[in-house]
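Quick mapping for you: the protein sequence lines, in order, are chains C and Z. Just so we're aligned: the first sequence equals residues 1164 to 1328 in the numbering used here. Just so we're aligned: the second sequence equals residues 1164 to 1328 in the numbering used here. Shown next, in structure tokens, is the structure this report addresses.
2 protein chains.
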Amino acid sequence: MPSPKAAAGKATMPLRHAAAPLRRSRPVIELGVLDERLGYFVRRLQVWVFQDFIRRLSSLDISPAQFSVLVVISANRGLSQAELAATLDIERARLVRLLHLLERRGFTQRLPSPADARRHALRLTREGQKVLARAKTLAARHETALKQKLGPARYQLLLATLREV
Amino acid sequence: MPSPKAAAGKATMPLRHAAAPLRRSRPVIELGVLDERLGYFVRRLQVWVFQDFIRRLSSLDISPAQFSVLVVISANRGLSQAELAATLDIERARLVRLLHLLERRGFTQRLPSPADARRHALRLTREGQKVLARAKTLAARHETALKQKLGPARYQLLLATLREV
DNA sequence: TATTGTTATACTCTATAACTATA
DNA sequence: TATAGTTATAGAGTATAACAATA
């Protein structure tokens, strides 16, 4: 997301460090110590990811959190809310409202769990499966855009590295 | 190319994919397609970063956003709110409230800009400089913790890679 | 006309605490 | 006692729109 206003640097030099503002009243703002903080760059990339994802799935009105919930329910039919919340690091209380919304839109169901009366067994409705299929198509395009933004080599490197953590 | 739920655990295999739940009632929850999505892992790391950062700076009550604002003002004394907002990708409207808060706490000042009456020239107060110095110490500990969580090699790889983006 | 800082609004997300029903 | 789901609330963050002062 940083400067597309490339310029007169060595090829290996990060664009951010390239000098020479295009016009006189365009001062270069220093990042200070942030330029050495991994968390700062992770945050910037994550913001880009969410913005692009939300934009690409806007026709379905599916947020990143909603998408991840639909995906995990689909891949683990009958799991409980506590399991889902723990898997995605969502607060149980927040998940309740997320599921209210998805249920109201006809995408998910909460069925009584046969083994434990406290639990709900989560599943997608037929409609939920259909919308998830369409969402996956759009999400794949987002992933392609992300790969293009980063460059295929960096993309693969980051995915392989972060998956191991 | 790294096939996710491939065979039984090779040594290089991510722990997430290792099978064998410790007890019978601890089912393995599948991530589905999320396991191939860079954005998912970026988000998870970013959440960890924020939680650790907030915890480590809780004694100063400085959020990641507040820290980044103080750092950039310190490194660019006299810059305008618009410049600061653009640098950190913060909405101008949001920055106003952030600065209200920091000013109320005595950390920042908005001085009239000599060149342009519409602008404010931002700077840290003496107190702001002191609190930033302490915050930097705690933030450095957070960075060390992040390096330890990821492993030094992965940390360096990620920092170098993301900085280039 | 465009930009800077501002106010206002609405919605989402996060973090807690407390309640109920079940185990 | 502990757990699963729920409700309620407060505080951040995000996204807009509109406005006055100034360029």
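For glycine and all other residues, C-beta sits at the position ideal for the given N, C-alpha and C.
Is the beta carbon of R1326 of chain Z closer than 9 Å to that of F1204 of chain C?
Here residue 1204 of chain C refers to the residue found at position 41 of the first sequence. Here residue 1326 of chain Z refers to the residue found at position 163 of the second sequence. Taking 9 Å as the Cβ cut-off, F1204 of chain C and R1326 of chain Z qualify as a contacting pair.
Under 9 Å between the Cβ atoms of E1336 of chain Z and V1235 of chain C?
What the structure shows of chain Z is the stretch from 1164 to 1328, and residue 1336 of chain Z is not part of that stretch, so it cannot be assessed.
Taking only runs of the alpha helix (DSSP H) that begin and end inside the stretch 1252-1281 of chain C, which ones reach a length of at least 4 residues, in chain order?
Counting only runs of 4 or more, we get 1255-1267.
9 Å is my cut-off, CB to CB: does L1261 of chain C come that close to chain Z?
Sequence index remark: in the first sequence, residue 1261 of chain C carries index 98 (1-based). Chain Z contact via Cβ: absent.
Just the chain C side, please: which residues come within less than 7 Å of Q1209 of chain Z by C-beta, in chain order?
By 1-based counting over the second sequence, the position of residue 1209 of chain Z is 46. By Cβ distance, chain C contributes V1205, R1206 and Q1209.
With 16 other CB atoms within 10 Å as the buried threshold, where does P1279 of chain C fall?
Here residue 1279 of chain C corresponds to residue number 116 of the first sequence, with the count starting at 1. The amino acid occupying residue 1279 of chain C in the given sequence is Asp; Pro does not appear at that position. Flag for D1279 of chain C reads exposed.
In this structure, how does DSSP classify L1242 of chain Z when only helix, strand and coil are distinguished?
The residue labelled residue 1242 of chain Z in the question sits at position 79 within the second sequence. DSSP places L1242 of chain Z in coil when its eight states are reduced to three.
Would you kindly report the start and end of the unbroken beta strand (DSSP E) that includes R1286 of chain C?
On the first sequence, position 123 is the one that residue 1286 of chain C refers to. Taken as a continuous stretch (DSSP letters only), the beta strand (DSSP E) holding R1286 of chain C covers H1283 to L1287.
So the candidates are Z:P1275, Z:L1287, Z:A1323 and Z:R1219; which of them puts its Cα closest to the Cα of T1300 of chain Z?
Reading the second sequence from its first residue, position 137 is the one you call residue 1300 of chain Z. Among Z:P1275, Z:L1287, Z:A1323 and Z:R1219, the Cα nearest to that of T1300 of chain Z is on Z:R1219.
Are V1212 of chain Z and L1322 of chain Z touching if we call contact CB-CB under 9 Å?
Along the second sequence, one-based indexing puts residue 1212 of chain Z at 49. Along the second sequence, one-based indexing puts residue 1322 of chain Z at 159. No. Outside cutoff.
Checking contacts by CB at 9 Å: is I1217 of chain C closer than that to chain Z?
Position 54 of the first sequence, counting from 1, holds the residue named residue 1217 of chain C. So, not an interface residue.
Please report the residue range of the alpha helix (DSSP H) in which R1200 of chain Z lies.
Your numbering for residue 1200 of chain Z matches position 37 in the second sequence. No alpha helix (DSSP H) holds R1200 of chain Z; DSSP gives it neither H nor E.
Proximity below 9 Å, CB of S1237 of chain C to CB of L1287 of chain C
Position 74 of the first sequence, counting from 1, holds the residue named residue 1237 of chain C. Position 124 of the first sequence, counting from 1, holds the residue named residue 1287 of chain C. Using a Cβ distance threshold of 9 Å, S1237 of chain C and L1287 of chain C count as a contacting pair.
Check the Cβ of L1276 of chain C against every Cβ in chain Z and list those closer than 8 Å, keeping chain order.
Residue numbering aside, residue 1276 of chain C sits at position 113 when the first sequence is read from its first letter. Looking at the sequence itself, residue 1276 of chain C is Ser, so the reference to Leu does not match. Within chain Z, no residue comes near S1276 of chain C; the closest Cβ sits about 13 Å away, beyond 8 Å.
From the beta carbon of I1192 of chain Z, is the nearest beta carbon of chain C less than 9 Å away?
Reading the second sequence from its first residue, position 29 is the one you call residue 1192 of chain Z. At least one chain C Cβ lies under 9 Å of I1192 of chain Z.
Mind reading off the beta-carbon distance from Q1209 of chain C to Q1209 of chain Z? Whole number of angstroms is fine, and I expect it under 8 Å.
Your numbering for residue 1209 of chain C matches position 46 in the first sequence. Your numbering for residue 1209 of chain Z matches position 46 in the second sequence. About 4 Å separates the two Cβ atoms, so the contact holds.
What is the DSSP secondary structure of D1215 of chain Z, reduced to helix, strand or coil?
Locating residue 1215 of chain Z in the second sequence gives position 52, counting from the first residue. In the structure shown, D1215 of chain Z falls within a helical segment according to DSSP collapsed to helix, strand and coil.
Measure the Cβ-Cβ separation of S1231 of chain C and L1197 of chain Z and say whether it is below 9 Å.
Reading the first sequence from its first residue, position 68 is the one you call residue 1231 of chain C. Reading the second sequence from its first residue, position 34 is the one you call residue 1197 of chain Z. Closer than 9 Å, so yes.
The alpha helix (DSSP H) enclosing E1327 of chain C, as first and last residue numbers
Here residue 1327 of chain C is taken as the residue at index 164 of the first sequence, counted from 1. Segment P1315 to E1327, the alpha helix (DSSP H) holding E1327 of chain C.
Minimum Cβ-Cβ distance from G1195 of chain Z to chain C less than 9 Å:
Reading the second sequence from its first residue, position 32 is the one you call residue 1195 of chain Z. Taking Cβ atoms only, chain C reaches closer than 9 Å to G1195 of chain Z, which makes this a yes.
Does DSSP put L1220 of chain Z in a helix, a strand or coil?
Stepping through the second sequence from its first residue, residue 1220 of chain Z is reached at position 57. DSSP places L1220 of chain Z in coil when its eight states are reduced to three.
Coarse secondary structure for K1312 of chain Z, derived from DSSP in three states:
Against the second sequence, residue 1312 of chain Z aligns to sequence position 149. In this structure, K1312 of chain Z counts as helix in the three-state DSSP scheme.
Taking the alpha carbon of R1241 of chain C as the reference point, which residue from C:L1261, C:A1284 and C:I1225 has its own alpha carbon closest?
Position 78 of the first sequence holds residue 1241 of chain C. One point to set straight first is that residue 1241 of chain C is Gly, not Arg, in the sequence displayed. Comparing Cα positions, the closest option is C:A1284.
For V1294 of chain C, which of helix, strand or coil comes out of DSSP?
Taking the first sequence and counting its residues from 1, the one referred to as residue 1294 of chain C is at position 131. In the structure shown, V1294 of chain C sits in a helix (DSSP, three-state: H, G or I).
Using a beta-carbon distance cut-off of less than 7 Å, what residues from the stretch 1290-1316 of chain Z approach chain C?
K1299, E1306, L1309 and L1313
Helix, strand or coil for I1236 of chain C per DSSP?
Taking the first residue of the first sequence as position 1, residue 1236 of chain C is located at position 73. Helix.
Leaving out five residues on either side along the sequence, give the residues of the same chain with a beta carbon under 8 Å from the beta carbon of R1317 of chain C.
The residue given as residue 1317 of chain C occupies position 154 in the first sequence. Excluding positions up to five away in sequence, the list is empty.
Taking a cut of 8 Å between CB atoms, which residues from the stretch 1218-1245 of chain C lie near chain Z?
Those residues of the stretch 1218-1245 of chain C that come within reach of chain Z (Cβ to Cβ, closer than 8 Å) are P1227, S1231, V1234, V1235, S1237, A1238, N1239 and L1242.
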